[in-house]
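Below is one structure; the comments refer to it alone.
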Amino acid sequence: MNLSPSLLILPGDPEFDLTLSCSLPPGWVEVARHMSQQIAFVASADSGLLRPATNAELTEYLYGGEYGERLNELELGHDLGKDL
76 MNLSPSLLIL PGDPEFDLTL SCSLPPGWVE VARHMSQQIA FVASADSGLL RPATNAELTE
136 YLYGGEYGER LNELELGHDL GKDL
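Note that the working numbering has the sequence shown beginning at 76, numbered continuously upward.
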């Protein structure tokens, strides 16, 4: 994959999703401290931005349909139930 010479990576750029999936949100340490429990990061189905989630929120994300929406957005769509 060739890296773009642009200094700004915008939606639609091949590197945009890769950059989002490799970068934790700013201030995540403070959010984790405030939540006082283990957290996971989930990618929003509509934007792809990572956000912190508690265990209960992670379960809802996985089984409530948002994970499937994200997979469809990435054109990977498969049935989560088959993997578990």
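Quick reminder that beta carbons are idealized off the backbone N, C-alpha and C, glycines included.
Model, not experiment: these values are computed from the prediction.
Length of the line joining the Cα atoms of residue i and residue j
i, j, result
"PHE91", "ILE84", "6 Å"
"GLU105", "LEU149", "30 Å"
"TYR142", "PHE116", "12 Å"
"ASN147", "ARG108", "32 Å"
Where residue i falls: helix, strand or coil (DSSP)
i, result
"ALA118", "strand"
"LEU83", "coil"
"PRO127", "strand"
Exposure label - residue i; buried when at least 16 CB within 10 Å
i, result
"TYR138", "exposed"
"ARG145", "buried"
"GLY152", "Only weak support exists for where GLY152 lies, its pLDDT of 48 falling under 50; the value from the coordinates is given anyway. Exposed: under 16 other Cβ atoms inside 10 Å."
Whole-number beta carbon distance between residue j and residue i, since they are thought to touch under 8 Å
i, j, result
"GLY123", "LEU95", "5 Å"
query: At a cut of 8 Å, does the segment 96-106 reach the segment 128-145 through at least three beta carbon pairs?
result: no
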